[in-house]
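Each step along the sequence shown adds one to the number in numbering that gives the first Met the number 0, with nothing skipped, and position 163 is 162.
All C-beta atoms in this analysis are idealised placements derived from N, C-alpha and C, irrespective of residue type, glycine included.
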Amino acid sequence: MNEVYRSGFVSIIGSPNVGKSTLLNRMVGQKVSIVSERAQTTRNRVMGVLTRPGYQVVFLDTPGVTAPKNRLGEYMLKVAYDALFEVEAVLFVVDAERGIGPKDEALMERLKNARAPVVAAINKIDRASLADVETAGEKLRAAGFFADVLNISAVEGRGLEALEQRLFSFLEQGPQYFPDDMVTDQPERILVSELIRERALRLLKEEVPHGLGVSVDKMAKREDMALMDIWATIYCEREGHKGIIIGKGGSMLKRIGSEARKEVELMLGEQVNLQLWVKVREDWRNSVSAMREFGYEP
Ligand SMILES: Nc1nc2c(ncn2[C@@H]2O[C@H](COP(=O)(O)OP(=O)(O)O)[C@@H](O)[C@H]2O)c(=O)[nH]1
Ligand SMILES: [Mg+2]
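Here's what the structure looks like:
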């Protein structure tokens, strides 16, 4: 007799910077959601699909839950909260080292009323002390509503098999939603622009990164050779930031471009010629039309 096929959606939610996107990438075995050491890196809902013989888990990575400061922030918060509906399970991620702070507690208040079972994952156990991991575990268990509390390291892959097994237990009989080879729903253009933004986030300091937006203006395959030409624009909010992004004699932009190009080549599996521009768009995070251009749909 054939076993039934099981499938379901799992939302990954938590405070900024706890490792949600790192976890998603690790679970699906590919970088589908960009990662940085800065808060507010993930801006959209990013889907990552894990397909195994007999079951499929569709993960939804979300922006970190935090008080919004502009239209983009409001949009991000909505994306995070909307992802709590119509899922088979919710995965609440916390940072073991940082512990359970007021942001986590506020979010837990909301998760209490979630319809789906909520699993808590204490992440970054590779870096935290045993005592910190235990303190976090006690606090989470004391909340009384988590279906399970698990210790993991998304970077090292620790605890992820147990986590997958636990999530599997919430899947119901259902269809294979996506084909075997589909790992994300992000269109190629968006993946490319996100990889560029990731590199810029890593290389730029302080106040510049939060106001970055990237649009891929054109992607075209050369006819005579295996090469993709890509034209993209990095937007920032101030003239001063533009200078920083370009750098002395164009050195910073060159570096962002060459690092991003390598990542894009890895993803596309072909050679890339990447042309980057920098433009100022004041206060774009409060502009609905600019947000649309950069792939956010307020
Ligand atoms: N040491 C350690 N760092 C991690 C782990 N998971 C994520 N990080 C780091 O935490 C930072 C934020 O990760 P990210 O996935 O962007 O967090 P998000 O904002 O919750 O999506 C990055 O610098 C990651 O490399 C982990 O398991 N261990
Ligand atoms: Mg993220």
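Residue i versus the options, residue with shortest Cα-Cα distance
i	options	result
ILE33	LEU200, LEU170, GLY210, GLU222	LEU200
ARG5	SER14, ARG25, ASN43, PRO52	PRO52
LEU90	THR40, VAL27, GLU163	GLU163
VAL148	VAL154, ASP125, VAL117	VAL117
GLY242	SER257, LYS278, ILE229, GLU258	LYS278
GLU197	ASP103, GLY256, ALA105	GLY256
ALA113	ALA88, LYS204, VAL215	ALA88
ARG188	PHE293, GLY136, GLU96, HIS240	PHE293
ALA142	ALA289, LEU71, ILE99	ILE99
THR40	THR21, GLU281, MET26, GLN29	THR21
SER10	VAL215, VAL17, GLU36, VAL45	VAL45
ARG165	MET251, PHE145, GLU104	PHE145
ARG126	LYS138, PRO101, ASN150, ASP103	ASN150
GLU206	GLY239, PHE8, ILE233, GLU258	GLY239
LEU159	ILE12, ASN24, GLY249	ASN24
ILE12	LEU71, ASP103, GLN29	ASP103
LYS123	LEU83, ALA115, ARG157, PHE8	ARG157
TRP276	LEU83, LEU267, LYS253	LYS253
THR134	ALA161, ARG97, ARG237	ARG97
ARG237	ALA259, LYS204, ARG280, LEU265	ARG280
Status (buried if at least 16 other CB within 10 Å, exposed otherwise) for residue i
i	result
LYS111	exposed
PHE169	buried
SER14	buried
MET224	exposed
PRO186	exposed
ASP60	buried
ASP228	exposed
ASP94	buried
GLU2	exposed
LEU194	buried
ALA120	buried
ARG109	exposed
GLY63	buried
ASP179	exposed
ALA231	buried
ASP282	exposed
ASP216	exposed
PRO208	buried
MET181	exposed
ALA161	exposed
LEU265	exposed
SER373	Summary: the structure shown does not reach residue 373, with the chain confined to residues 0 through 297, and so no result is reported for it.
Alpha carbon of residue i to alpha carbon of residue j, nearest angstrom
i	j	result
GLU73	LEU273	32 Å
GLY212	ARG291	11 Å
CYS235	LYS19	26 Å
GLY210	ARG284	7 Å
LYS247	MET218	28 Å
SER286	ALA130	45 Å
GLU171	GLU85	13 Å
ASN43	ARG221	31 Å
VAL312	SER192	Lying before the first or after the last residue shown, residue 312 is absent from the chain, which here runs from 0 to 297.
TYR80	LEU106	10 Å
THR183	PHE58	9 Å
PRO155	SER128	It is worth fixing the name first, because residue 155 is Glu in this sequence and not Pro. Whole-angstrom Cα-Cα distance: 16 Å.
ILE245	LYS68	27 Å
GLN270	LEU226	5 Å
GLY173	GLN55	9 Å
ALA153	SER35	14 Å
VAL300	ASN16	Outside the shown range of the chain, which is 0 to 297, sits residue 300, and nothing can be said about it.
ALA289	ARG140	43 Å
PHE177	GLY47	10 Å
PRO101	PRO297	27 Å
ARG70	TYR295	11 Å
ALA66	LEU83	18 Å
LEU49	LYS261	25 Å
PHE8	GLY268	29 Å
GLN175	VAL132	36 Å
ALA115	GLY136	21 Å
Discussion item. So within the region 149-188, which uninterrupted alpha helix (DSSP H) runs reach at least 4 residues, ignoring any that extend past its ends?
Written reply: Listed in chain order, they are 159-167.
Worksheet item: Which runs of the alpha helix (DSSP H), 4 residues or longer, sit entirely within the region 33-89?
Response: 70-81
Worksheet item: Mind pulling the beta strand (DSSP E) runs of 3 or more residues that sit fully within the region 224-259?
Response: 226-235
Discussion item. Please give the ranges of any alpha helix (DSSP H) in the region 90-157, keeping only runs that are unbroken, at least 4 residues long and fully inside the region.
Written reply: 101-110, 129-142
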